[in-house]
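> Submitted below is the structure of interest, expressed as structure tokens.
Numbering (our numbering), first residue to last: 34 to 165.
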């Protein structure tokens, strides 16, 4: 068994123009959505330490950055992405997809994921609305 290098992400799909930087359990949904729009997908695997080198490489080679996480958007991984890009003086449109800053009602994981648009159709719809 090979140990994961701490703080290093992986490119899971190579695409064009749009990059989805995924954090956590939403990876399969992000990959499925990316197929529809030919987006690159990076499994960031770590929020702290964030793979700053990979993020810079992806930001410099893509037009739009989408951060996807199954966490609160405010103060979450996407916020870390924005802060890191700002420190590197990289200005790009960034869409943060994750949990809203509100009480999440009860339901099955599939129901809640679909309602919050964290499934593949929801991620795709949010990206398409953002670029429209």
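We put the CB at the ideal spot given by N, CA and C, even for glycine. None of the values given here were measured: they were computed from a predicted structure.
Can residue 59 and residue 151 be called in contact, C-beta distance under 8 angstroms?
Against the chain shown, residue 59 aligns to sequence position 26. Against the chain shown, residue 151 aligns to sequence position 118. Yes; because the gap between Cβ atoms is below 8 angstroms, this pair is in contact.
> Kindly indicate the opening and closing residues of the beta strand (DSSP E) around residue 127.
Along the chain shown, read from residue 1 onward, the residue named residue 127 stands at position 94. Taken as a continuous stretch (DSSP letters only), the beta strand (DSSP E) holding residue 127 covers 127–132.
> Measure the alpha-carbon distance for residue 35 versus residue 165 and round it to whole angstroms.
Here residue 35 corresponds to residue number 2 of the chain shown, with the count starting at 1. Here residue 165 corresponds to residue number 132 of the chain shown, with the count starting at 1. Distance between the alpha carbons of residue 35 and residue 165 is about 42 angstroms.
> Restricting to Cα atoms, I'd like to know which of 38, 143 and 84 is closest to residue 114.
Mapped onto the chain shown, residue 114 falls at position 81. Checked all of 38, 143 and 84; the closest Cα to residue 114 is 84.
> What does a CB cutoff of less than 7 angstroms around residue 117 pick up in its chain, not counting 5 residues either side in sequence?
The count along the chain shown starts at 1 and reaches residue 117 at position 84. The answer, listed in chain order, is 83, 85 and 88.
> In chain order, what residues of the same chain have a beta carbon less than 6 angstroms from the beta carbon of residue 78, not counting five sequence neighbours either side?
Translated into the one-based positions of the chain shown, residue 78 becomes position 45. These residues qualify, in order along the chain: 42.
> Which first and last residues belong to the beta strand (DSSP E) in which residue 105 is found?
Taking the chain shown and counting its residues from 1, one reaches residue 105 at position 72. 97–105 is the span of the beta strand (DSSP E), which, as asked, contains residue 105.
> Spell out the partners DSSP gives residue 146 in its beta bridges.
Against the chain shown, residue 146 aligns to sequence position 113. In the DSSP output, where bridge partners are listed per residue, residue 146 has none listed.
> Residue 51 and residue 70 look like a contact to me (Cβ under 8 angstroms); what is the Cβ gap, rounded to whole Å?
On the chain shown, position 18 is the one that residue 51 refers to. On the chain shown, position 37 is the one that residue 70 refers to. Sure, about 6 angstroms apart at Cβ, within 8 angstroms.
> Any idea what DSSP makes of residue 43, helix, strand or coil?
Here residue 43 refers to the residue found at position 10 when the chain shown is read from its first residue. Reduced to three states, the DSSP call for residue 43 is strand.
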